[in-house]
Amino acid sequence: MAFAAPVLAQDVIKIGEVNSYKAQPAFLEPYKKGMDLAVEQINAAGGLLGKKVELISRDDNGNPGDAVRMAEELLSREQVHVLTGAFLSNVGLALTDFAKQKKVLYLAGEPLTDKIVWQNGNHYTFRLRPSTYMQVAMLVPDAAALKKKRWALVYPNYEYGQSAAATFKQLMKAAQPDVEFVAEQAPPLGKVDAGSVVQALSDAKPDAIFNVLFSADLSKFVREGNTRGLFKDREVVSLLTGEPEYLDPLKNETPNGWIVTGYPWYSIQTPEQKAFVDAYQKRFKDYPRLGSVVGYSAIMSIGEGIKKAQSTDTEKMIAALRGLQVSTPFGPIMYRTQDQQSTMGGYVGRTRNENGKGIMVDYRYLDGAKFQPTDEEVKKMRPAG
Amino acid sequence: MQLSGLVVQLLNGLAGASSLFMVAAGLSLIFGVTRIVNFAHGSFYMLGIYVAYSLVEWLTGNVGFWMALPLAAIAVGVIGALVEIVLLRRIYKAPELFQLLATFALVLVIRDAVLWLWGPEELLGPRAPGLEGSIEILGRQFPTYDLFLIVVGPIVLGLVWLLLTRTRFGTLVRAATQDREMVGALGVNQAWLFTAVFALGAMLAGLGGALQLPREPANLEMDLNTIGSAFVIVVVGGMGSIPGAFVAALLVAELKAICIWIGMVEIFGIPVSFSKLTLVVEFLVMAVVLVIRPWGLLGRRQAPSRNLGQPEAPLRPADNLFKAAVALLAVVLLALPLLTKSSPYMTVLMTDLLVAALFATSLHFIMGPAGMHSFGHAAYFGLGAYAAALLVRSAHLPMEVAVVLAPVVAGLGALIVGWFCVRLSGVYLAMLTLAFAQIAWAIVYQWDNFTGGSNGLTGVWPAQWLTEKGNYYYFCLALAALGIFLLRRFLFSPFGYAMRAGRDSPLRADAIGIHVKRVQWAAFIVAGAFAGLAGVLFAFSKGSISPDVMHVSKSVDALVMVLLGGVQTLSGPVVGATTFTWLQDAVSRNTDYWRAMLGAIILILVLLFPQGIAGFVRQLVYGGRDATGGHKA
Numbered sequence: 001m002a003f004a005a006p007v008l009a010q011d012v013i014k015i016g017e018v019n020s021y022k023a024q025p026a027f028l029e030p031y032k033k034g035m036d037l038a039v040e041q042i043n044a045a046g047g048l049l050g051k052k053v054e055l056i057s058r059d060d061n062g063n064p065g066d067a068v069r070m071a072e073e074l075l076s077r078e079q080v081h082v083l084t085g086a087f088l089s090n091v092g093l094a095l096t097d098f099a100k101q102k103k104v105l106y107l108a109g110e111p112l113t114d115k116i117v118w119q120n121g122n123h124y125t126f127r128l129r130p131s132t133y134m135q136v137a138m139l140v141p142d143a144a145a146l147k148k149k150r151w152a153l154v155y156p157n158y159e160y161g162q163s164a165a166a167t168f169k170q171l172m173k174a175a176q177p178d179v180e181f182v183a184e185q186a187p188p189l190g191k192v193d194a195g196s197v198v199q200a201l202s203d204a205k206p207d208a209i210f211n212v213l214f215s216a217d218l219s220k221f222v223r224e225g226n227t228r229g230l231f232k233d234r235e236v237v238s239l240l241t242g243e244p245e246y247l248d249p250l251k252n253e254t255p256n257g258w259i260v261t262g263y264p265w266y267s268i269q270t271p272e273q274k275a276f277v278d279a280y281q282k283r284f285k286d287y288p289r290l291g292s293v294v295g296y297s298a299i300m301s302i303g304e305g306i307k308k309a310q311s312t313d314t315e316k317m318i319a320a321l322r323g324l325q326v327s328t329p330f331g332p333i334m335y336r337t338q339d340q341q342s343t344m345g346g347y348v349g350r351t352r353n354e355n356g357k358g359i360m361v362d363y364r365y366l367d368g369a370k371f372q373p374t375d376e377e378v379k380k381m382r383p384a385g
Numbered sequence: 001m002q003l004s005g006l007v008v009q010l011l012n013g014l015a016g017a018s019s020l021f022m023v024a025a026g027l028s029l030i031f032g033v034t035r036i037v038n039f040a041h042g043s044f045y046m047l048g049i050y051v052a053y054s055l056v057e058w059l060t061g062n063v064g065f066w067m068a069l070p071l072a073a074i075a076v077g078v079i080g081a082l083v084e085i086v087l088l089r090r091i092y093k094a095p096e097l098f099q100l101l102a103t104f105a106l107v108l109v110i111r112d113a114v115l116w117l118w119g120p121e122e123l124l125g126p127r128a129p130g131l132e133g134s135i136e137i138l139g140r141q142f143p144t145y146d147l148f149l150i151v152v153g154p155i156v157l158g159l160v161w162l163l164l165t166r167t168r169f170g171t172l173v174r175a176a177t178q179d180r181e182m183v184g185a186l187g188v189n190q191a192w193l194f195t196a197v198f199a200l201g202a203m204l205a206g207l208g209g210a211l212q213l214p215r216e217p218a219n220l221e222m223d224l225n226t227i228g229s230a231f232v233i234v235v236v237g238g239m240g241s242i243p244g245a246f247v248a249a250l251l252v253a254e255l256k257a258i259c260i261w262i263g264m265v266e267i268f269g270i271p272v273s274f275s276k277l278t279l280v281v282e283f284l285v286m287a288v289v290l291v292i293r294p295w296g297l298l299g300r301r302q303a304p305s306r307n308l309g310q311p312e313a314p315l316r317p318a319d320n321l322f323k324a325a326v327a328l329l330a331v332v333l334l335a336l337p338l339l340t341k342s343s344p345y346m347t348v349l350m351t352d353l354l355v356a357a358l359f360a361t362s363l364h365f366i367m368g369p370a371g372m373h374s375f376g377h378a379a380y381f382g383l384g385a386y387a388a389a390l391l392v393r394s395a396h397l398p399m400e401v402a403v404v405l406a407p408v409v410a411g412l413g414a415l416i417v418g419w420f421c422v423r424l425s426g427v428y429l430a431m432l433t434l435a436f437a438q439i440a441w442a443i444v445y446q447w448d449n450f451t452g453g454s455n456g457l458t459g460v461w462p463a464q465w466l467t468e469k470g471n472y473y474y475f476c477l478a479l480a481a482l483g484i485f486l487l488r489r490f491l492f493s494p495f496g497y498a499m500r501a502g503r504d505s506p507l508r509a510d511a512i513g514i515h516v517k518r519v520q521w522a523a524f525i526v527a528g529a530f531a532g533l534a535g536v537l538f539a540f541s542k543g544s545i546s547p548d549v550m551h552v553s554k555s556v557d558a559l560v561m562v563l564l565g566g567v568q569t570l571s572g573p574v575v576g577a578t579t580f581t582w583l584q585d586a587v588s589r590n591t592d593y594w595r596a597m598l599g600a601i602i603l604i605l606v607l608l609f610p611q612g613i614a615g616f617v618r619q620l621v622y623g624g625r626d627a628t629g630g631h632k633a
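Going down the list, the protein sequences come from chains E and U. The UniProt record's numbering applies: residue 1 is where the first sequence begins, and numbers increase by one. The UniProt record's numbering applies: residue 1 is where the second sequence begins, and numbers increase by one.
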C-alpha cells in the first residue's frame, strides 16, 4: 500500500481547504457537506482531466496564524494544486496575501470583506460570495423605496459590521438625499446587551432600522425587540437574516416583513436549485443552508476552471478563471476580470413567520454583477495585478 | 437622550447583572476555598443553558419550564461534583495554578461534548410562561422576565449569604477560605468540603446559564464569553467576597447600559461612539479598581496560601548530563532541514515550535522564578508583532532593523504595564495584566487606520535572503536559542537570584537590601521584550497578523504551555510549548473532534505528571539527588 501511494498521487487532483470548523460549526458543517457533494458529483462524472478529485480540509482554529501554517502544510506535504476556504475576514485576508507570496491560486469562498478583491486584491486570489458592499447594495434600492427619513443602525463592532454600516450610509445618501441617521449602536460581536441596545434604538424614535447583527446576537436582538415593541410600525432592513443558518434558530420569534438577504431553499423553483436541493437531501438527509451553496459552488468553480485550463498549472488556472462562466445553484455566475470577484448574487425578500418557522417570501434573485461600484472606482481601489 | 431613558437603561443593567453575579459568585466561592482558578466555570454556565433547553423540551408545559431551570442547575452541580472528585482532587498537591491547566482542558472537552450532543445550531429557548410579555415603565415596554431577573439576583445573594453565615457548612466554608490547613487540623473532612463547594459553585453557574434561556440562544461561544466577564466581576468585587461580586456585577452591567444609552455623541465636532466602548468597559473598570483598590471593592488582602505544592528546589546550573542533552538537541535542530528534505512542512512546523518555545520561556521567566503570574502575556507578543509589521509597512524600515527595534517597543509596553502590576501579587496581579492586555487588544482591534482593525495587517514578509523556509528556520533557531539562553543566563546572575529571593521571601529579600519591586519590574520588562521578539518572529513567519496575536486566548495558550511543561523547571516552558503546539497541529489534522481530543490528552498528562512533563523527567533523572538536597516532599 505505502509504496503505491506516490503513483496514485499523480492520478489525483488535490484541492486544499482551510476553514474555522470548530470556531464556526453552524455555518461550516453544511459548508463541508456542500463541498463533499460537489467533489462526489465531479468524480461521478469522470473527474477532471481524467483524474479523481480529492478534497483535503484543515481546521484553522479560527485564527490567521494557524490558517497560514495549515496552508503551508497543504502545499508542502499534501502538494495540493489549489487552495480554497476561510470564513473569517482576517483569515481570508491572510490567505489572500499568502497566495500572492507563494504564487498559488486561492479561491476565497465565504469571507465577505471588500478588501479581498479591492484594497488587498491580487492576481492569485478569487472570491465567490458577494462582498459586504454588494450585499448592502442589493438591499439599498428596497430601503430607499420605503421613503423613510430617520434611520437607526445596529452592527457588530468589527470590520464587517463597520463597513456594512458605512456602505449603507453612503449608498442611502446617494439614493435618498434627505435621509437622516439618528442612532448607531455597535455592540461587541457575540456579546450584545440586547435589552439596552433595543431600548437605545427605540428611544431615538427612528422610522426604520438597518441591522447587521447575525447569529446569537441576532436572536437576542430579535427577542428583546419583539418584547419591547421595537419593530412595531417600523421597517427593518437586515443583512444575512434570511440565511437558514440565522433564520432557522429564530423559529417562533421570526419577525414579519423584514427586508433581508438570504436563501429560501424551500421554494426556489429554478432547475439548478431544485437539482441541487434534491441531490443534497438525498445525500445527507438534511436540507442545504447557504453555506452548502457556497461550499458546493466553490468546488464547482475550481472544477470548471481546471477543465477550461486543461491543466493544474497555477497561471493557466488563473487565466481560465478570469471571465469564466460557472453554473451554480444560484444560476450562472462569472468571475470578473477587473477584480476576480464572482457575480454571484443573492436573494432579497421579506421574512414571514409561518407556523412558528421563519421563511422568506416575495423574494427575487439579484444578479451580483449589477451591484458593483463602477469599473473606474474598482480600478482606483485595487492595486495593479 | 432622555432621563427617563436612563432610568430604564439602569433597570436593563440590573437585569443583566443577575446572571453575571451568579456565575461570578460561584467562581468566587470555589476560588476562596479551593484556590482553584476555575477556567471551566464559563463551560458550566454554558452547560446550564443547554441542559435547561433540553429539559424544557422534555418536560413541556408551564410547570415544566419552571421546573427545568432549577433542575438544570442541579444537574450542572452534579457534573461539577464529579469533576472535582474524579479530576481536581488528584492534583491539589500540585503547584498552585496547575489546576488551571486541568480546567482549561475541561473547557476543550466540554465544548466539543456540547457540540456533539446538541449540534452546531444555536438553540433559542421558549419565553418564560407567565412572563412572556412586557409592562410599561416610563412609556417604554420593559420585559416582565427582566423584572423577575432583577428580583432573583438579590434573592440568590440572600440565600448564599444565609448559607454562609447561618449554617455549619457556611462556617466551615468561611473558615476554609481564611485558613484551610487549620480547618483540616480541626478534623473537618476537607475532601468533602471541597467537593461540596465546587458543586455549589458549578450549580450557581448552571443556574446563571439556565436563567438566560428565555433571553438568548444556547450557543458554543458562551463558555469563553462568560469566563472573561466572570473573572473580572470576581476580581473587581474582591476574590472570595460574594457581596463584592454582586456590587461588581451591578457596576459593570450599569456602566455598559450607560455607554449604550449615551450611544453616539459629538465631542468637539468628532463623533464618538460610546456603544463601541462596551467591548472593553469591564476591563477598564478592572484596571481602575485594581490600581486604586488592589484587593477589589469589598475584598481583603489574600492570606498567603500554604499549599504551593512541592517546595521548589533552588536552581542548579546545568550539569554535564543536561549540557550533553542540549548539545544533542542543537545538533538535531541544525540538521533537521537536511534530514527532512522530503517533507518541507517539518521546517514550517518547527519554526512555529521555536516561536512558541521562546514565548513560553519569556512567560516562565516571570511566572516561575519571579512568582508573578501573568494572564496577559500575549500583549507583549502582540506588541512585538505589530511593531514589526508597522515598522516595515508604514515606516518602510528594513526587516532586520524591525527585528531589533520591535522587541524594544514590546519592552516599553511591559515597562508601562509593569509599573502598575508589580504593586500587586497573586491572582490580582494576574488579573491586572489581563486587564491591560485586553485594553491593548481593544485598541488594536478598533484602530482601523493604524493597525488594520479586526482584519489586521498583511504583507509582513521577511527580507529577501530569508524568504526560503529553511533560511528562516535557521534565523528563528538562532534568535530563539539566543533568547532562551539569555533568559536562562539572567536567572543565574545576581539579578536572577534577587528575583527568586523576592519570590520566596519578600521580607527577607528587602532586609538584605534588595528592592523587590524594582527587581520585579525589571524582570517584567525583560520578559516583555523577549515575548516581543517571539512576536516578531511569528509575524514574519506568517506574513500577516491580526488582533488575535494579543488576544486573551493567546495568553492562555502560553500559560498552558508553561504549566504543561512544569513551572518549577527551566526547561519546562520549552518542553510544554513544543508539546502543546505539536499536539494541536497533529490532533487537529487527524480528528474531527480535535478539541476534545486535545483536552483529553492534556487531562491525562495532568494526572500523570502533576509537576509538568519536564518536572517529571527531572524527577526521573535527578530524583535521588533532590532527595539528598532535602527537597523531597
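We put the beta carbon where it would ideally sit given N, CA and C, even for glycine.
Per-residue contacts from residue i into chain E (C-beta, under 9 Å)
{"i": "K256 of chain U", "result": "D193 and S196"}
{"i": "R215 of chain U", "result": "A194, G195, K220, R223 and E224"}
{"i": "V140 of chain U", "result": "In the sequence on display, residue 140 of chain U carries Arg and not Val. Residues of chain E passing the Cβ test: Q199, S202, D203, R228 and G229."}
{"i": "residue 675 of chain U", "result": "Residue 675 of chain U lies beyond the residue range present for chain U, which begins at 1 and ends at 633; the question has no answer from this structure."}
Cross-chain neighbours of residue i in chain E, by beta carbon under 7 Å
{"i": "R589 of chain U", "result": "R58"}
Beta-carbon gap between residue i and residue j smaller than 7 Å
{"i": "R129 of chain E", "j": "V117 of chain E", "result": "no"}
{"i": "D367 of chain E", "j": "Q338 of chain E", "result": "no"}
{"i": "R228 of chain E", "j": "Q9 of chain U", "result": "no"}
{"i": "V560 of chain U", "j": "G368 of chain U", "result": "no"}
{"i": "Y124 of chain E", "j": "L105 of chain E", "result": "yes"}
Length of the line joining the Cα atoms of residue i and residue j
{"i": "A440 of chain U", "j": "N189 of chain U", "result": "45 Å"}
{"i": "V197 of chain E", "j": "S273 of chain U", "result": "13 Å"}
{"i": "W295 of chain U", "j": "Q446 of chain U", "result": "30 Å"}
{"i": "A52 of chain U", "j": "H396 of chain U", "result": "56 Å"}
{"i": "L250 of chain E", "j": "M350 of chain U", "result": "46 Å"}
{"i": "V4 of chain U", "j": "I135 of chain U", "result": "A quick correction: the sequence has Ser, not Val, at residue 4 of chain U. Approximately 15 Å between the Cα atoms of the pair."}
{"i": "P141 of chain E", "j": "L59 of chain U", "result": "47 Å"}
{"i": "K256 of chain U", "j": "F198 of chain U", "result": "30 Å"}
{"i": "K51 of chain E", "j": "L334 of chain U", "result": "40 Å"}
{"i": "L74 of chain E", "j": "P383 of chain E", "result": "28 Å"}
{"i": "A481 of chain U", "j": "N471 of chain U", "result": "15 Å"}
Within chain U, partners of residue i - CB distance below 8 Å
{"i": "L324 of chain E", "result": "Correct list: empty, because the minimum Cβ distance to chain U is about 26 Å."}
{"i": "F214 of chain E", "result": "By Cβ distance, chain U contributes nothing, its closest Cβ being about 11 Å from F214 of chain E, past 8 Å."}
Partners in chain U for residue i, counting only beta-carbon separations shorter than 7 Å
{"i": "M113 of chain E", "result": "Note on identity: in this sequence residue 113 of chain E is Thr, with Met being the wrong assignment. The answer, in chain order, is N455."}
{"i": "R77 of chain E", "result": "S343 and Y345"}
Contact list for residue i against chain E, beta-carbon separation under 8 Å
{"i": "I150 of chain U", "result": "Simply none; closest approach about 11 Å."}
Is there contact between the region 228-235 of chain U and the region 33-52 of chain E, where contact requires at least three CB pairs shorter than 8 Å?
Cβ pair count under 8 Å is below three, so no.
Check whether the region 409-423 of chain U and the region 514-533 of chain U are in contact - that is, three or more C-beta pairs closer than 8 Å.
They touch, by the three-pair rule.
For the region 262-270 of chain E and the region 230-246 of chain E, state whether three or more C-beta atom pairs, one from each stretch, are separated by less than 8 Å.
The region 230-246 of chain E and the region 262-270 of chain E touch, with three or more beta-carbon pairs separated by less than 8 Å.
Please determine if the region 242-250 of chain U and the region 84-101 of chain U are in contact, where contact requires at least 3 C-beta pairs separated by less than 8 Å.
At 8 Å Cβ cutoff, the stretches do not touch.
Contact between the region 218-228 of chain U and the region 137-152 of chain U: three or more CB pairs below 8 Å?
The region 218-228 of chain U and the region 137-152 of chain U do not touch, with fewer than 3 CB-CB distances between them shorter than 8 Å.
Can you check the region 348-415 of chain U for any alpha helix (DSSP H) of at least 4 residues that lies completely inside it and give the ranges in chain order?
As for any alpha helix (DSSP H) of minimum length 4 sitting wholly inside the region 348-415 of chain U, the runs are 378-393, ordered along the chain.
State whether the region 36-48 of chain U contacts the region 171-186 of chain U, with contact taken as three or more CB pairs (one from each stretch) at a distance under 8 Å.
When C-beta atoms of the region 36-48 of chain U are compared with those of the region 171-186 of chain U, fewer than three pairs fall below 8 Å, so the two segments do not count as touching.
Three CB pairs or more closer than 8 Å across the region 321-330 of chain E and the region 296-310 of chain E
Short answer: they touch.
Three CB pairs or more closer than 8 Å across the region 13-27 of chain E and the region 74-87 of chain E
Yes, they touch.
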